[in-house]
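Participant: Here it is, the structure, as structure tokens.
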Amino acid sequence: MEFFYLVNLNLITVTVSSSWSGFSSSYSRELLSPSSILDALFPGDNGKESPHIVNFHQLEEEKTEFNTMEVGKPYIWAQSICGLDFLNPNAPDFLISRNNIAQVLKAINNRLKTRLSLITQLDCGDLERRFSINGVNLTSVLSPWNTMTWENFIKLEYCKPHVEFGTVIENDLLFKRVVNYKT
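Shown next, in the form of structure tokens:
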């Protein structure tokens, strides 16, 4: 993880590089992706837009998006632990960074642990079950877990209530698994 200070924007950005070996599934690559591993580490902080109100509006007026691939992502927590707090200009910078760094490091550690735990659970394997209904022998086979895009998710009729009620949002990680039956 590297932090950068963008002088012209008065922002801190974060880039992540990782080399996770031993994980080959599409869902493990998605869960451990350097481009998204720190997204929503805290609620509402996906790093997609500038947390600094002044340059947020400047970028919006110019119809310019923040290019996170080149310079990293400007997470709110990164501003805070580096002493830049745009939401509370009266708080002393030193106290902000000292109080939040332990919380941020704990959140990052928890994120990594839960993602690795989820990969372990998803890797439990494909299950095949044999059973009989009314004298017909059936076999059910679970396909491997795959990631699902937001665009595909919102098209599914049975998913629309979750979107409408906000129980699933665009920043969520989405997975699908299909049960196939054969006789």
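Quick note, the sequence shown lines up with residues -17 to -1, 1 to 166 if you use mature numbering (1 follows the signal peptide of the UniProt record, and there is no 0).
The C-beta atom is built at its ideal place from N, Cα and C for all residues, glycine as well.
Exposed or buried, Asn(-10), counting other C-beta atoms within 10 Å across all chains shown (16 or more means buried)?
Facilitator: exposed
Participant: Taking buried to mean at least 16 other C-beta atoms within 10 Å of its own C-beta, is Leu(-7) buried or exposed?
Facilitator: buried
Participant: When the Cα atoms are used, what is the spatial distance from Pro57 to Ile84?
Facilitator: 16 Å
Participant: Along the chain, which unbroken stretches of the beta strand (DSSP E) at least 3 residues long are found entirely within the region 129 to 155?
Facilitator: 129 to 131
Participant: Thr97 to Asn117, Cα distance in whole Å?
Facilitator: 42 Å
Participant: Hey, out of Ser2, Tyr164, Asp155 and Thr132, whose CA is closest to Leu125's CA?
Facilitator: Tyr164
Participant: By alpha-carbon positions, which one of Asn120, Val54, Leu156 and Ala61 ends up nearest to Asn135?
Facilitator: Leu156
Participant: Who pairs with Ile102 in a beta bridge, going by DSSP?
Facilitator: Per DSSP, none; premise fails for Ile102.
Participant: Which residues mark the beginning and the end of the beta strand (DSSP E) in which Val124 is found?
Facilitator: Where Val124 is concerned, the enclosing beta strand (DSSP E) stretches over Val119 to Leu125.
Participant: Mind checking who Ile91 pairs with in its DSSP beta bridge?
Facilitator: Beta-bridge analysis with DSSP links Ile91 to no other residue.
Participant: DSSP state of Ile20, grouped into three classes?
Facilitator: DSSP places Ile20 in coil when its eight states are reduced to three.
Participant: With DSSP collapsed to three states, give me the class of Val54.
Facilitator: Helix at Val54.
Participant: Evaluate contact between the region 10 to 21 and the region 98 to 105, counting only Cβ atoms and requiring at least three cross-stretch pairs below 8 Å.
Facilitator: yes
Participant: CB-CB under 6 Å to Arg113, same chain, minus the five flanking residues each way: which ones, in chain order?
Facilitator: Thr122
Participant: Can you give me the C-alpha to C-alpha distance between Pro34 and Asp68, rounded to a whole angstrom?
Facilitator: 9 Å
Participant: Measure from the alpha carbon of Thr(-3) to the alpha carbon of each residue in Gly66, Leu21 and Pro26, then state which is nearest.
Facilitator: Leu21
Participant: With distance defined between alpha-carbon atoms, name the residue in Val151, Ile36 and Glu53 nearest to Met131.
Facilitator: Of the listed residues, the one whose Cα sits closest to Met131 is Val151.
Participant: Hey, how far is the Cα of Val87 from the Cα of Ile64?
Facilitator: 8 Å
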